[in-house]
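Residue numbers for the sequence shown follow my numbering, so the first one is 6 and each next one is one higher. By construction, the Cβ of each residue, glycine as well, lies at the ideal position given by its N, Cα and C atoms. What follows is a single structure, written as structure tokens, with notes after it.
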Amino acid sequence: MPLLRPTRRDLLKLAAAAPALGLSRPLRAELGPPAGENPSHFRFTLGEMRLTVVSDGYFQIPASTLGVNADPAEVQAFLTRYFLSPEQSYSHTNHLLIETGDARVLVDVGSGHRFFDTAGRLVANLDALGLGLEDITHVIITHAHPDHIWGMRDEFDEALFPEAAYTIGAAEHAYWLDDGLVDRVAPQEQQFVVGAINSLQTEGVEWTLAEAGHEVVPGITMIATPGHTPGHMSVRVQSGEDVLYALGDAMTHAWLSFARPEW
Numbered sequence: 006m007p008l009l010r011p012t013r014r015d016l017l018k019l020a021a022a023a024p025a026l027g028l029s030r031p032l033r034a035e036l037g038p039p040a041g042e043n044p045s046h047f048r049f050t051l052g053e054m055r056l057t058v059v060s061d062g063y064f065q066i067p068a069s070t071l072g073v074n075a076d077p078a079e080v081q082a083f084l085t086r087y088f089l090s091p092e093q094s095y096s097h098t099n100h101l102l103i104e105t106g107d108a109r110v111l112v113d114v115g116s117g118h119r120f121f122d123t124a125g126r127l128v129a130n131l132d133a134l135g136l137g138l139e140d141i142t143h144v145i146i147t148h149a150h151p152d153h154i155w156g157m158r159d160e161f162d163e164a165l166f167p168e169a170a171y172t173i174g175a176a177e178h179a180y181w182l183d184d185g186l187v188d189r190v191a192p193q194e195q196q197f198v199v200g201a202i203n204s205l206q207t208e209g210v211e212w213t214l215a216e217a218g219h220e221v222v223p224g225i226t227m228i229a230t231p232g233h234t235p236g237h238m239s240v241r242v243q244s245g246e247d248v249l250y251a252l253g254d255a256m257t258h259a260w261l262s263f264a265r266p267e268w
């Protein structure tokens, strides 16, 4: 992975590629047309499957949220060395759509209109791909942070993807719905808890609570990757001999997570 000053397009390509570890042969790829400030999608194949990384937009958070277990001066030096802002971290929020057989499986659902103004583009970008909300057959939630689950509900608080079967890790589901959690977290995290509860209790959604090894559809398996959240799960995608891992936020930064994974 080159450690050079990135262009915006470089960042999108890298963010799209970051979940893919251990691909056994080259991919056929197609970059989607621009939508606002970001290309709307990045499409490629994995064996007989068609995969599309769909943008939900982007957001910026303070760089102080990076490498929180490391010496702040060392983190600042790393960011400066690679021409990254020492003040702000710029993040794409991308979600994987897997088309296999009759299934259209969406990994995470974005934040809708409930998080940053620069996010919430997922539905429009699915529409640009010719897909309606009813075309999604399965939804997998890797974890219940805002940019991954707050897009669950429409403006009437009903399930955004009405025909989908919903899966989340059993431990992740239990963590956020634990009685009194909102009173045990730091004040700045309480909104995250309330948002997760509201999303997990979306009217009409029946959750499949998955353990490691659960197969959502043939070739798509949940694996346990706790750490970012207590019940975080990633998704293993396999078609023939080709394998891809969609990591959710098990790795969160295209440079730092690879160069300094212990941070």
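Which residue's Cα is closest to the Cα of residue i: the options?
{"i": "residue 239", "options": "128, 253 and 80", "result": "253"}
{"i": "residue 65", "options": "121, 257, 74 and 75", "result": "121"}
{"i": "residue 123", "options": "217, 78 and 60", "result": "60"}
{"i": "residue 48", "options": "106, 70 and 134", "result": "134"}
{"i": "residue 261", "options": "90, 45, 62 and 50", "result": "90"}
{"i": "residue 201", "options": "250, 266, 147 and 226", "result": "147"}
{"i": "residue 209", "options": "193, 165 and 67", "result": "165"}
{"i": "residue 105", "options": "223, 248, 230 and 162", "result": "223"}
{"i": "residue 167", "options": "62, 142 and 237", "result": "142"}
{"i": "residue 103", "options": "95, 126, 203 and 131", "result": "131"}
{"i": "residue 203", "options": "235, 214, 155 and 217", "result": "155"}
{"i": "residue 235", "options": "251, 187, 214 and 149", "result": "149"}
{"i": "residue 212", "options": "176, 125 and 81", "result": "176"}
{"i": "residue 230", "options": "251, 243 and 247", "result": "251"}
{"i": "residue 136", "options": "81, 217 and 46", "result": "46"}
Give the secondary structure of residue i by DSSP, where H, G and I count as helix, E and B as strand, and everything else as coil.
{"i": "residue 68", "result": "helix"}
{"i": "residue 90", "result": "coil"}
{"i": "residue 46", "result": "strand"}
{"i": "residue 208", "result": "strand"}
{"i": "residue 239", "result": "strand"}
{"i": "residue 144", "result": "strand"}
{"i": "residue 124", "result": "strand"}
{"i": "residue 29", "result": "Caution is warranted here: a pLDDT of 40 is assigned to residue 29, below 50, making its placement in the model unreliable, and the coordinate value is therefore given only provisionally. Residue state, collapsed to three classes: coil."}
{"i": "residue 264", "result": "helix"}
{"i": "residue 190", "result": "coil"}
{"i": "residue 184", "result": "coil"}
{"i": "residue 62", "result": "strand"}
{"i": "residue 252", "result": "coil"}
Can you say whether residue i is buried or exposed, counting buried as having 16 or more other CB atoms within 10 angstroms of its CB?
{"i": "residue 119", "result": "buried"}
{"i": "residue 191", "result": "exposed"}
{"i": "residue 161", "result": "exposed"}
{"i": "residue 73", "result": "exposed"}
{"i": "residue 109", "result": "buried"}
{"i": "residue 151", "result": "buried"}
{"i": "residue 113", "result": "buried"}
{"i": "residue 88", "result": "exposed"}
{"i": "residue 163", "result": "exposed"}
{"i": "residue 245", "result": "exposed"}
{"i": "residue 199", "result": "exposed"}
{"i": "residue 215", "result": "buried"}
List the residues that DSSP assigns as beta-bridge partners of residue i.
{"i": "residue 73", "result": "Partner(s): none; residue 73 has no beta bridge."}
{"i": "residue 220", "result": "226"}
{"i": "residue 112", "result": "101 and 145"}
{"i": "residue 173", "result": "146 and 214"}
{"i": "residue 160", "result": "DSSP output for residue 160 lists no bridge partner at all."}
{"i": "residue 51", "result": "54"}
{"i": "residue 247", "result": "244"}
At a cut-off of 7 Å, would you count residue i as near the ligand ADP, judging by its Cβ distance to the nearest heavy atom?
{"i": "residue 171", "result": "In terms of ligand content, the structure shown is empty, and the ligand ADP therefore cannot be addressed."}
Using only the alpha-carbon positions, how far apart do residue i and residue j sit?
{"i": "residue 174", "j": "residue 86", "result": "38 Å"}
{"i": "residue 182", "j": "residue 144", "result": "19 Å"}
{"i": "residue 53", "j": "residue 111", "result": "17 Å"}
{"i": "residue 97", "j": "residue 185", "result": "32 Å"}
{"i": "residue 69", "j": "residue 75", "result": "11 Å"}
{"i": "residue 232", "j": "residue 255", "result": "7 Å"}
{"i": "residue 58", "j": "residue 195", "result": "30 Å"}
{"i": "residue 258", "j": "residue 267", "result": "12 Å"}
{"i": "residue 179", "j": "residue 228", "result": "17 Å"}
{"i": "residue 99", "j": "residue 117", "result": "13 Å"}
{"i": "residue 39", "j": "residue 189", "result": "In this predicted model, residue 39 has a pLDDT of only 42, less than 50, meaning its place in the structure is not dependable; the value taken from the coordinates is given anyway. In a straight line, the C-alpha of residue 39 is about 43 Å away from that of residue 189."}
{"i": "residue 219", "j": "residue 226", "result": "6 Å"}
{"i": "residue 79", "j": "residue 263", "result": "16 Å"}
{"i": "residue 51", "j": "residue 140", "result": "21 Å"}
{"i": "residue 107", "j": "residue 84", "result": "44 Å"}
{"i": "residue 205", "j": "residue 221", "result": "18 Å"}
{"i": "residue 128", "j": "residue 62", "result": "11 Å"}
{"i": "residue 138", "j": "residue 159", "result": "11 Å"}
{"i": "residue 44", "j": "residue 101", "result": "14 Å"}
{"i": "residue 169", "j": "residue 71", "result": "34 Å"}
{"i": "residue 93", "j": "residue 77", "result": "14 Å"}
{"i": "residue 115", "j": "residue 265", "result": "27 Å"}
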